[in-house]
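Working notes, structure below.
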Amino acid sequence: MAKTIRRRGTRTGKKSAIQEEHSKRIGMKIILILTLPVLIFIITGISATLGSADLLIWDAYSAILHRIFPEYFYTTWLSDICVWHLRLPRIAWAITAGFGLGIAGAAMQAILRNPLASPFTLGISSGAAFGVSLAIVLNLGFFGGMWLIVGNAFIFAMLCSGLILGLASIRGATSEIMILCGIAMNYIFGAASSLFQYFASDQELRGMSFWGMGDLGAFSWEELRPVIVLIAIGSFVLMRKAWDLNVMTVGDETAKSLGVDSGRIRLIVMTASSLLIAGIVAFTGIIGFIGLVGPHMARMIIGADHRFLLPASGLLGGVILLGADTVGRTILAPIILPVGSMTSMLGVPFFLYLILKRRREYW
Amino acid sequence: MVMIKLETIDIVFSYDGHSGPPILDDVSIQLAPSRILGIVGPNGSGKSTLLKCIDRIIKPNHGSVLLDRREIMKMGRMEIAKKIGYVQQTISRGFPTSVFDTVLMGRRPHLNWRSDEEDDEKIWEVLRLLDIEDLALKYFGELSGGQQQKVLIARALAQEAEVILLDEPTSNLDILRQFEVMDIIRDLVNKKLVSAIIAIHDLNLASRYSDKIIMMKRGKIVSAGEPSYVLTADNIASVYGVEAVIRKQSEAPYIIPIGPIKTTIRKG
Ligand SMILES: Nc1ncnc2c1ncn2[C@@H]1O[C@H](COP(=O)(O)OP(=O)(O)OP(=O)(O)O)[C@@H](O)[C@H]1O
Ligand SMILES: [Mg+2]
Chain A
2 MAKTIRRRGT RTGKKSAIQE EHSKRIGMKI ILILTLPVLI FIITGISATL GSADLLIWDA
62 YSAILHRIFP EYFYTTWLSD ICVWHLRLPR IAWAITAGFG LGIAGAAMQA ILRNPLASPF
122 TLGISSGAAF GVSLAIVLNL GFFGGMWLIV GNAFIFAMLC SGLILGLASI RGATSEIMIL
182 CGIAMNYIFG AASSLFQYFA SDQELRGMSF WGMGDLGAFS WEELRPVIVL IAIGSFVLMR
242 KAWDLNVMTV GDETAKSLGV DSGRIRLIVM TASSLLIAGI VAFTGIIGFI GLVGPHMARM
302 IIGADHRFLL PASGLLGGVI LLGADTVGRT ILAPIILPVG SMTSMLGVPF FLYLILKRRR
362 EYW
Chain B
844 MVMIKLETID IVFSYDGHSG PPILDDVSIQ LAPSRILGIV GPNGSGKSTL LKCIDRIIKP
904 NHGSVLLDRR EIMKMGRMEI AKKIGYVQQT ISRGFPTSVF DTVLMGRRPH LNWRSDEEDD
964 EKIWEVLRLL DIEDLALKYF GELSGGQQQK VLIARALAQE AEVILLDEPT SNLDILRQFE
1024 VMDIIRDLVN KKLVSAIIAI HDLNLASRYS DKIIMMKRGK IVSAGEPSYV LTADNIASVY
1084 GVEAVIRKQS EAPYIIPIGP IKTTIRKG
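These protein sequence lines are chains A and B, in that order.
In terms of our numbering, the first sequence has 97 at position 96, counting the first letter as 1, and numbering is strictly consecutive.
In terms of our numbering, the second sequence has 983 at position 140, counting the first letter as 1, and numbering is strictly consecutive.
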């Protein structure tokens, strides 16, 4: 009585047309991801020419490449100092911070199943920024020096993450409620941070406003090294969870039946993201919308498979932040516009567009 | 002694912790290897809840679930996922994902970080088996309800579990595809020694494809056994309030519903 099952297509060994197409698309995705570093390299060259000392783009590239392939590229002492000591640290930091924000945004969107989620829209960046203000004003914290600030930022980022996780566990808490909560958080911490400015001494005030608007600042390689390592570790942790993130986008019950403990993954992702955000915010203040725009653009190009989406979101975040910084340094040169306000100008219209469009696209 | 693949012992469950009314009330079932167990019962009788308890998606207040005589509460989630597959009744949507990637999720319990050629090949086999290979690159959200249902079944098959729980797997399928899907499940059970529990509304499909049936009402098992023992006019009348005629059709009973029993619909 059991009927024979209709089989179509080819037997194993030979690939069907649709299989070929599938392999082709995977190849495309990899190529697309690989073009992003190229794009970053191009913007890096452009960005490295900007500044008080006049450099041509070729001088900038030679200076960069001289240290990597000294036999093939020549440079002057002046360009070398100018590029490697003054400009490249800022560029490297823009790429790293953008990468961290992008990858954290993509991971948070997946675990919360919320396309509007990002470090900024959920209020986590504001929490971290508050932690920084607190550390500066009260000299509070558990670690010394810069780590005091990063550590404090992390504590408050985690506090916000905890609140978001709590919200996520309540039935009927929609994406919008989460974002409203994030906006509330932005207000509370924003108000608290500006309260501090009344009590802060002049010196502290300068310290606060220096990163308050999201400025990439002028750090040295030595200052940047630890935070770059921190972001690399956080990103690695997130990347390892790519499979689980894929599964979690279809719902907790299905995730459970596929062996993924969604509660645990949420905690891991939020902790790793908070760490990334704390590091970034402690060094540059709040940079909004990179974590929202990066992942969405990546999803449009690459699709929703997090094995590709996470690196693509990070790289696009790097492209956007570096691009925004480059533009911010050009349009009113020699005045440097804070990169945070540049990304907001890009991000706010995009955010509104997402809110309007979202209903149809997702659940 | 009969071999038992999976059994539940006196499961009690209520959604509001221990205080609420029990949704499952002392439910005990037994599933032999390589058998299909059908679960029938009116809406809200607890079929889906029972399947979720078996897969430990929710935790029963009382009682236990044994898989190969091992308490499921003591197993890791990944270990359970390797052995039990589950096709949900309601479809939740997330970010747009392709059919191939959706089915690939079923390999998650067997993977660490990467998938390899072999996993991919398994996905293609399953897609071909369900005759949905041509949908592989479409977005899941773009498919019709029936096509989506097939994709979710494909995902459970890709999981290569020993026990498959299916919650209304045929509710969105046309009559031909209902047979096709049930035949695939039957084939799998016969050839790969998988066991299946299927919650299903269509009494005739249940009758035709199940080795055993349990009939539930308000969280209790009303009747359990061979289809011809469970699907009687009396049981259907008392559980569903529907008058039905039973015909014998090549061993399995064939149910022809006549209409609601008059006294139950006339109020006051
Ligand atoms: N998440 C939930 N929270 C609270 N009550 C629930 C929940 N899910 C189901 N219930 C209740 O539990 C009871 C059993 O539901 P269940 O989904 O198990 O029924 P079912 O037999 O699968 O019904 P159907 O045939 O409609 O699928 C119903 O009364 C339902 O209202
Ligand atoms: Mg149900």
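Quick reminder that beta carbons are idealized off the backbone N, C-alpha and C, glycines included.
Keep in mind the model is a prediction, meaning the values are calculated, not measured.
Looking at C-alpha atoms only, which residue of the options is the closest neighbour of residue i?
i, options, result
"Glu-850(B)", "Ile-1041(B), Arg-912(B), Phe-856(B)", "Arg-912(B)"
"Leu-820(B)", "Ile-137(A), Ala-193(A), His-23(A)", "In the structure as shown, chain B begins at 844 and stops at 1111. Residue 820(B) is therefore absent and cannot be evaluated."
"Lys-902(B)", "Ile-854(B), Tyr-1052(B), Gly-928(B), Val-930(B)", "Ile-854(B)"
"Thr-1075(B)", "Pro-876(B), Ile-1057(B), Arg-1061(B)", "Ile-1057(B)"
"Ser-194(A)", "Leu-160(A), Gly-128(A), Ala-49(A), Gly-324(A)", "Gly-128(A)"
"Asp-962(B)", "Pro-864(B), Gly-1084(B), Gln-1002(B)", "Gln-1002(B)"
"Gln-20(A)", "Gly-984(B), Ile-975(B), Met-916(B)", "Ile-975(B)"
"Leu-35(A)", "Tyr-62(A), Leu-316(A), Trp-85(A), Gly-103(A)", "Leu-316(A)"
"Phe-155(A)", "Leu-311(A), Ser-275(A), Phe-290(A), Ile-288(A)", "Ser-275(A)"
"Gly-341(A)", "Phe-290(A), Ile-332(A), Val-320(A)", "Phe-290(A)"
"Ser-1038(B)", "Ser-877(B), Ala-999(B), Ala-924(B), Asp-859(B)", "Ser-877(B)"
"Tyr-1083(B)", "Lys-1091(B), Ile-1098(B), Glu-1094(B), Lys-926(B)", "Ile-1098(B)"
"Leu-33(A)", "Val-328(A), Thr-327(A), Ala-325(A), Ala-299(A)", "Ala-299(A)"
"Ala-118(A)", "Thr-45(A), Cys-182(A), Leu-37(A), Leu-322(A)", "Cys-182(A)"
"Gly-103(A)", "Ser-170(A), Gly-319(A), Pro-350(A)", "Gly-319(A)"
"Leu-1000(B)", "Val-1024(B), Thr-940(B), Ser-1081(B)", "Val-1024(B)"
"Ala-105(A)", "Gln-198(A), Gly-324(A), His-86(A), Ser-162(A)", "Ser-162(A)"
"Ala-1042(B)", "Pro-885(B), Ala-875(B), Gly-863(B)", "Pro-885(B)"
"Val-908(B)", "Asp-1045(B), Val-870(B), Leu-1019(B), Val-1088(B)", "Val-870(B)"
"Ile-189(A)", "Gly-124(A), Leu-338(A), Ile-287(A), Ala-111(A)", "Gly-124(A)"
"Gly-860(B)", "His-905(B), Ala-1049(B), Arg-899(B), Gln-873(B)", "His-905(B)"
"Ile-302(A)", "Ser-17(A), Ile-31(A), Val-39(A)", "Ile-31(A)"
"Met-109(A)", "Ala-174(A), Ser-345(A), Pro-296(A), Ala-334(A)", "Pro-296(A)"
"Met-916(B)", "Tyr-858(B), Lys-890(B), Ile-852(B), Asp-944(B)", "Ile-852(B)"
What residues from chain B crowd round residue i, counting only those whose CB sits closer than 7 Å?
i, result
"Arg-91(A)", "The premise fails here: Arg-91(A) is roughly 34 Å from chain B at the closest Cβ pair, so nothing lies under 7 Å."
"Arg-114(A)", "Gly-937"
"His-23(A)", "Phe-943, Ala-979, Leu-980"
List the residues that DSSP assigns as beta-bridge partners of residue i.
i, result
"Lys-926(B)", "For Lys-926(B), which the question treats as bridged, DSSP gives no partner whatsoever."
"His-905(B)", "Val-855(B)"
"Glu-1086(B)", "Gly-1102(B)"
"Met-1058(B)", "Val-883(B), Ser-1066(B)"
"Arg-913(B)", "Leu-910(B)"
"Gln-873(B)", "Glu-850(B)"
"Asp-1010(B)", "Ala-1042(B)"
"Lys-1091(B)", "Pro-1096(B)"
"Leu-867(B)", "Phe-856(B)"
"Ser-941(B)", "Tyr-982(B)"
How would you list, in chain order, the residues of chain A whose beta-carbon sits under 8 Å from the beta-carbon of residue i?
i, result
"Ile-923(B)", "Gly-260"
"Leu-867(B)", "Neighbours of Leu-867(B) on chain A: none; closest Cβ ~17 Å, over 8 Å."
"Leu-954(B)", "Trp-244"
"Arg-920(B)", "Lys-257, Gly-260, Val-261, Asp-262"
"Met-1058(B)", "Chain A residues near Met-1058(B): none, gap ~24 Å exceeds 8 Å."
In chain A, which residues lie with their C-beta within 9 Å of the C-beta of residue i?
i, result
"Thr-940(B)", "Asn-247, Thr-250, Val-251, Gly-304, Ala-305, Asp-306"
"Gly-1084(B)", "Result: empty, since nearest Cβ-Cβ is about 31 Å, beyond 9 Å."
"Asp-944(B)", "Asn-247, Gly-304, Ala-305, Asp-306"
"Tyr-929(B)", "Glu-254, Thr-255, Lys-257, Ser-258, Leu-259"
List the residues of chain A that residue i touches, going by C-beta distances under 7 Å, in chain order.
i, result
"Asp-898(B)", "Ser-258"
"Ser-857(B)", "Simply none; closest approach about 16 Å."
"Met-916(B)", "Near Met-916(B) there are no residues of chain A at all, since even the closest Cβ is about 14 Å away, more than 7 Å."
"Arg-951(B)", "Trp-244, Val-248, Leu-259, Gly-260, Val-261"
Counting only Cβ pairs nearer than 8 Å, list the residues of chain B close to residue i.
i, result
"Glu-177(A)", "Ordered by position in chain B, no residue passes the 8 Å Cβ test against Glu-177(A), which lies about 17 Å from the chain."
"Arg-330(A)", "Residues of chain B passing the Cβ test: none, with the nearest at roughly 35 Å."
"Arg-26(A)", "Leu-980"
Starting from residue i, find everything on chain B with Cβ-Cβ shorter than 9 Å and list it in chain order.
i, result
"His-297(A)", "Simply none; closest approach about 10 Å."
"Arg-300(A)", "Phe-938, Pro-939"
Tell me which residues pass a beta-carbon proximity test against ligand 2: closer than 7 Å to any heavy atom, given in chain order.
Lys-890(B), Ser-891(B), Gln-932(B), Asp-1010(B), Glu-1011(B), Ala-1042(B)
With three or more beta-carbon pairs closer than 8 Å as the criterion, would you say the segment 875-888 of chain B touches the segment 341-357 of chain A?
no
Whether or not the segment 222-232 of chain A and the segment 94-108 of chain A are in contact is what I'm after, with contact meaning three or more pairs of Cβ atoms, one per stretch, closer than 8 Å; do they touch?
yes
With three or more beta-carbon pairs closer than 8 Å as the criterion, would you say the segment 910-925 of chain B touches the segment 250-262 of chain A?
yes
Contact between the segment 297-311 of chain A and the segment 238-251 of chain A is defined here as three or more beta-carbon pairs at a separation below 8 Å; is this criterion met?
yes
If you pair each beta-carbon of the segment 1011-1020 of chain B with each one of the segment 962-973 of chain B, do three or more pairs fall below 8 Å?
no
Measuring CB atoms only, is the segment 44-62 of chain A touching the segment 82-89 of chain A, in the sense that at least three cross pairs come out at less than 8 Å?
yes
At least three beta-carbon pairs within less than 8 Å, the segment 893-901 of chain B to the segment 922-935 of chain B:
Touching, yes.
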